[in-house]
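For reference, the structure discussed in these notes is given below.
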Amino acid sequence: MRLWIFLLLCLPIATASAQGDIHRCMGANGIPVFTDRVCSDVNASPLLPPASTSSAPASPIQAQPPPVLCASDMAHLKQAVVDAFADRNPNRLAGLMLWNGDGQQAVVADIRVFSQLMARPLIGVTVEGEAASDDNTGDPSSNDAPAHGEALLVQTESDDGSGAAEQTRFDVIHHSGCLWLHPHN
């Protein structure tokens, strides 16, 4: 009886620690989804397969790496941002972000900002930095640092109705062979 009481008391602790994670999922429509719930709860599948508990060797099919779901160069990253705006989908834009080290509240706040940004018409997306001048994506071996000051500048119409343009800057970060965005602070 004491064991059951102990287990019931431990259940909220385990649940609370599991709820603090941000899960990267792929929605049924192929758009990345970020959620604090398990991917299956939002009709999505995890981007990373669960760790295998089997000690049996992997078959040749399982040994293949998962498909790359990130931008390999600046042109693809820029097009992915344009596509996210075309769909007016803040989760799609969030899928281009490197969230390492960001807490759940910061991620949710950024996605809300993306929603507000996408409510305005997109004027253009330009590249700033070394990639803009020579189309070089920098050193892909560098980790978690903006490469040579590269950034994407997203220009939208101002929300004050004046027709003026506003600019939002996203640093470009090279990590694990991919280009990621990070909001400029």
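Under mature numbering (1 follows the signal peptide of the UniProt record, and there is no 0), the letters of the sequence shown match residues -18 to -1, 1 to 167, in that order. Note that beta-carbon positions come from the ideal geometry of N, C-alpha and C, so glycine has one too.
| Query | Result |
| --- | --- |
| CA-to-CA distance, Ala146 to Gly85, given in whole angstroms | 33 Å |
| Cβ neighbours of Gly106 in the same chain (closer than 6 Å, five flanking residues each side left out) | Gln137 |
| For Arg70 and Gln149, the rounded distance between their alpha carbons | 17 Å |
| Counterpart residues of Gln61 in DSSP-defined beta bridges | Answer is none; Gln61 lacks a bridge partner. |
| Contact check, Trp81 vs Val90, beta carbons under 7 Å | no |
| Rounded separation between Pro48 and Val64 - CA only | Any answer about Pro48 is weak, because its pLDDT of 45 lies below 50 and its placement is not dependable; what the coordinates show is given next. Those two C-alpha atoms are separated by around 25 Å. |
| First through last residue of the alpha helix (DSSP H) which encompasses Asp153 | First-last for Asp153: 147 to 157, but that is the beta strand (DSSP E), not the alpha helix (DSSP H). |
| Residue(s) in a DSSP beta bridge with Leu163 | Met79, Val154 |
| Asp141 (DSSP reduced to helix, strand or coil) | coil |
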